[in-house]
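Numbering (the working numbering), first residue to last: 354 to 800.
Structure below.
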């Protein structure tokens, strides 16, 4: 019997490094380590309870990508302090001031009252940014900036949502301004908008509240509202009937055997394996499901692709990558999932024909290139669509499903092929009837 090995005692240093003969450099390392450890212990509950991330600049890993820079720089208007000193954007400062005047005039509210409300909250509003990003501004400068920018944003949103034209503003500039409103570095705290809205009375008050937010909790900013809207899933999910569920389970079990090793990739390849694509019932990025009958149907939300699609997606991705934003990378995961479906222009064409992609951008090649390029260096949460992708893999690996799909697309994919099949079927039926009566007639003659 072996003797148990003696315990090894490790001395614990509690602020007295001299007993262990540490060098001055080692002592400094331990002091830094203990300070960080103490800070981490003290902030555990604070970090877990913190729900709102700071308004900050785009993470370096995205900004250093030359293909992405254009998505993060405002084109015509600076909102908030991060781009306020950009000389290229100062031409629109007068336009913002004019919109702020119109906002106060239309809602019959005093500009002094609005400014005072924001000035009283400036301590809270400053905490929404990194101190280094706003250190060049005095409190009154920030308060005036938030007042003008907030009023201008609400005026533009109100005019757009109520389909009222904005006087003396070119259509192209307004389109660029709408894109700029949803850039990560072009955000102001939502508290600013709430403070301004709270001063509006009467019917316009309720209209404006509905335009900006329908949420119970105060969001971080407009980009955060956009993300929440895109990821909110409907509670009423359609159920699968009993017979369809039996067929689904049968086809899935046949495709789960290890000898089948094919994996799905693009929409075109999935179609060849028997999976067609159709729009889901909601616009939520989480509303992605595979419904299985004799053919599989992948339901994903409709998406409109235009010149602002790249900017909105990448700023949402940048928002999710912020180090102080605890989230499930919902938009990033959806973008990567969509990229897995779109490989070439043929896949975009299939999605268009299925009615789930509206292309206002240009050619199908441009759309395919857009989604293929946006996902460079992105890391999704693979658990988000794990169940759907597993079901798709099992279905694609099922030889019976593939055979049924080939038969369907060969003989029933177009109205002409269906008519041809019905013609052949009717011909066989008439031939069988004719043969039957012919046999009966001959049998009667023999009697």
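Just so you know, even glycine gets a beta-carbon here, dropped at the ideal spot from N, CA and C.
- Beta-carbon to beta-carbon, residue 496 and residue 471 are separated by about 5 Å, close enough to satisfy the 8 Å threshold.
- Assigned with DSSP and collapsed to three states, residue 644 falls in strand.
- The three-state reading of DSSP puts residue 487 in helix, counting H, G and I together.
- In the structure shown, the three-state DSSP call for residue 685 is helix.
- For residue 704 and residue 660, the gap between their C-alpha atoms comes out near 18 Å.
- Residue 712 is bridged by DSSP to 658.
- Within the segment 420 to 486, not a single complete beta strand (DSSP E) segment reaches 3 residues in length.
- For residue 503, the enclosing alpha helix (DSSP H) has its first and last residue at 492 to 514.
- Contact annotation: residue 427 and residue 437 have beta-carbon atoms that are not nearer than 8 Å.
- Segment contact: the segment 692 to 706 against the segment 717 to 735, three or more CB-CB distances shorter than 8 Å; contact assigned.
- Within 10 angstroms of the beta-carbon of residue 788 lie fewer than 16 other beta-carbons, which makes it exposed.
- In the DSSP annotation of this structure, residue 630 is not part of any alpha helix (DSSP H); the continuous beta strand (DSSP E) holding it starts and ends at 628 to 632.
- Note on geometry: alpha-carbon atoms of residue 410 and residue 700 lie some 35 Å from one another.
- The C-alpha of residue 491 is placed about 14 Å away from the C-alpha of residue 480.
- For residue 577, the closest alpha carbon among the candidates 388, 380, 406 and 717 is that of 406.
- Sequence-distant Cβ neighbours of residue 416 in its own chain, meaning closer than 8 Å and more than five residues away, are 410, 422 and 425.
- In the DSSP assignment, residue 550 is bridged to no other residue.
- Bridge pairing for residue 650: 629 and 644 [DSSP].
- A distance below 8 Å between beta-carbons, with the five flanking residues on each side excluded, links residue 698 to the following residues of its chain, in chain order: 716, 717, 718, 720 and 721.
- Only residues of its own chain outside the window of five on either side were considered, and among them 628, 649, 650, 651, 652, 741, 744, 745 and 748 have a CB closer than 8 Å to the CB of residue 643, listed in chain order.
- Residue 685 sits buried, since 16 or more C-beta atoms from the chains shown fall within 10 Å of its C-beta.
- With fewer than 16 other Cβ atoms from the protein chains shown falling within 10 Å of its own Cβ, residue 515 counts as exposed.
- Exposure of residue 785 is indicated by the presence of fewer than 16 other C-beta atoms within 10 angstroms of its C-beta.
- According to the DSSP secondary-structure assignment, residue 408 is paired through a beta bridge with 482.
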